[in-house]
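Accompanying notes for the structure given below.
Residue numbers (full-length UniProt numbering): 1 to 219.
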């Protein structure tokens with residue numbers, strides 16, 4: 001191949017970090033990296049991303065001709081300990097349902113999203129360490145979840161909260177309904193919508209994105 005493009009897929013891990021699947025609850029009340037996650041959880045998620053991304057680069061290097069190009073767009077983070085705030089809100093909604101007896105605590109304890117948003121520096125280091133590609137350009141940009149989030153033009157918090165919740169549902173529901181059951185999905189995402197609406201006024205509501213341009217090394 002002469003050119004490869006991957007858009008918004010590489011932040012999804014091939015599996016939940018094995019350290020979180022031992023039966024011991026390491027990330028209590030959380031479904032991903034969150035403000036209350038211990039350092040070992042951050043480390044486990046990064047190391048799984050490191051393995052996955054390194055393998056991705058190696059496999060693509062076997063498919064792309066020398067001097068061929070690759071462009072990647074990835075959900076990222078500003079800091080390696082920066083929580084996945086949108087998924088953290090979903091975790092809070094599940095916590096509420098546990099406290100109300102609608103979801104088993106053991107079900108929540110055993111669910112972890114296979115998601116890691118790397119920093120630009122983490123990506124840069126891994127590309128250099130793997131060695132098959134020249135990094136031409138790595139840009140970081142922030143994008144509002146809802147392009148209509150402009151209060152000067154009639155911003156509707158209710159409508160925006162529902163839109164963002166629907167986007168999360170489109171991505172996360174297949175995993176969530178497999179683990180928690182289809183019957184709680186409507187209630188769950190109704191709660192997520194309310195939490196998003198409550199936070200819209202105080203939060204920046206931007207996602208960090210990385211765009212990476214690479215060239216396959218070799219004559």
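Note that the Cβ used here is the ideal one computed from N, Cα and C, for glycine as well.
Given the structure is predicted, the values throughout are model-derived calculations rather than measurements.
Cross-strand partners of residue i (DSSP beta bridge)
i           : result
residue 133 : 216
residue 144 : 206
residue 69  : 3, 215
residue 139 : 211
residue 59  : DSSP output for residue 59 lists no bridge partner at all.
residue 74  : 210
residue 12  : 115
Proximity of residue i and residue j at Cβ, strictly below 7 Å
i           : j           : result
residue 30  : residue 91  : yes
residue 189 : residue 207 : no
residue 226 : residue 93  : Residue 226 falls outside the range modelled here, since the chain spans only 1 to 219, and no answer is possible.
residue 70  : residue 123 : no
residue 197 : residue 157 : yes
residue 177 : residue 167 : no
From the options, residue whose alpha carbon lies closest to that of residue i
i           : options           : result
residue 129 : 186, 57, 88       : 57
residue 63  : 37, 2, 25, 24     : 2
residue 106 : 45, 23, 73, 86    : 23
residue 72  : 55, 7, 42         : 7
residue 43  : 17, 216, 109      : 17
residue 199 : 175, 183, 85, 179 : 85
residue 181 : 216, 99, 119, 104 : 104
residue 108 : 131, 174, 27, 187 : 27
residue 46  : 67, 65, 131, 15   : 15
residue 67  : 74, 174, 176, 135 : 135
residue 216 : 55, 179, 34, 131  : 131
Anticipated Cβ contact below 8 Å, residue i with residue j, distance rounded
i           : j           : result
residue 172 : residue 117 : About 15 Å; that fails the 8 Å criterion.
residue 267 : residue 32  : Outside the shown range of the chain, which is 1 to 219, sits residue 267, and nothing can be said about it.
residue 220 : residue 115 : Residue 220 cannot be examined here, being either before or after the span of the chain that is shown, 1 to 219.
residue 112 : residue 20  : 5 Å
residue 10  : residue 53  : 6 Å
Nearest-angstrom Cα separation, counted from residue j out to residue i
i           : j           : result
residue 97  : residue 138 : 41 Å
residue 36  : residue 25  : 13 Å
residue 213 : residue 144 : 23 Å
residue 162 : residue 193 : 5 Å
residue 141 : residue 133 : 22 Å
residue 51  : residue 126 : 10 Å
residue 60  : residue 195 : 40 Å
residue 110 : residue 218 : 45 Å
residue 74  : residue 183 : 32 Å
residue 233 : residue 65  : Because the chain here runs from 1 to 219, residue 233 falls outside it and cannot be looked at.
residue 174 : residue 55  : 25 Å
residue 187 : residue 179 : 15 Å
residue 41  : residue 34  : 9 Å
residue 39  : residue 119 : 17 Å
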